[in-house]
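Residue numbers for the sequence shown follow the working numbering, so the first one is 37 and each next one is one higher. Each residue gets a CB set at the ideal place from its N, CA and C atoms; glycine is no exception. Reviewing the structure listed below.
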Amino acid sequence: MYRERASRLRGAVVWVNTPDEGGVGRVLPDGCMDLLWNEGRLLVAGPDTRAHVPEGAVGAWAGLRFAPGTAPAFLGLPAYELLDRRVELAELWPASDVRRLRDRVARAADPGRALEEIALDGAAPADPLLGRLVEALDAGRPVAAVADELGIGVRQLHRRSRAAFGYGPKTLARVLRLQRALALARAGVPLAETAVRAGYADQPHLSREVRELAGVALSGLAR
């Protein structure tokens, strides 16, 4: 069973997942990064460009999903170094620090809350430009127009986007559009209307994009 709640960390989500025999399920690109707890391990899920299907032993998971673009400041490294990766936190931080944090989560009655408190302790001020970038791209505005609105060049926007999200603004726009389409389809909006409202050229364009990013048809994801 999957459950989530809003975090005290701005824009973040605390979640827990105790999978059934079917496993954790398909994890779709969403522009976010997660701090994870699983079977006594602390891990980081980097930004995805394709759906991720966990393998091996499942067990119970807890996580903190950072708002898009905010995890690199907490972790102390650019997002592109973790693109499409799941890594042990000990590969990124000193082993002694990770042991202390691991013991802290292991002792907690609520691992998700413990992850949230760890992130709150190390939270850095959010870059307002990144939030404006996400809002503009999520509204479907073209990358060049967004760069003009933000007062920076397209190349600089690409560099800052890679550092914050792991990929350039065009890929981020595709990921955000996928999430818009999924929300509409799950709300019962017909696929042809979903395509138009989410910003696709037509329903075949929607179908191609969803299969490329998610690996399955939108109708299957919506169920």
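Item                                                                                                 : Value
Test item: CB-CB of T230 and A217 under 8 Å                                                          : yes
Sequence ranges, beta strand (DSSP E) only - wholly within the segment 107 to 192, length at least 3 : 122 to 124
Beta-carbon proximity of W97 to N74, cut-off 8 Å                                                     : yes
The ligand MG heavy atom lying under 7 Å from the CB of E185                                         : Questions concerning the ligand MG fall outside what the structure shown contains, since it holds no ligand whatsoever.
A81 in three-state terms, based on DSSP                                                              : strand
A81 vs M69 beta-carbon contact at 8 Å                                                                : yes
Exposed unless 16 or more other CB atoms sit within 10 angstroms - verdict on P108                   : buried
Closest by C-alpha distance to L156, when choosing among R41, R46, E40 and R39                       : R46
Of the residues A228, S255, L173 and A142, the one placed nearest F201, counting alpha carbons only  : L173
Residue(s) in a DSSP beta bridge with E91                                                            : Paired residues: none, contrary to the question.
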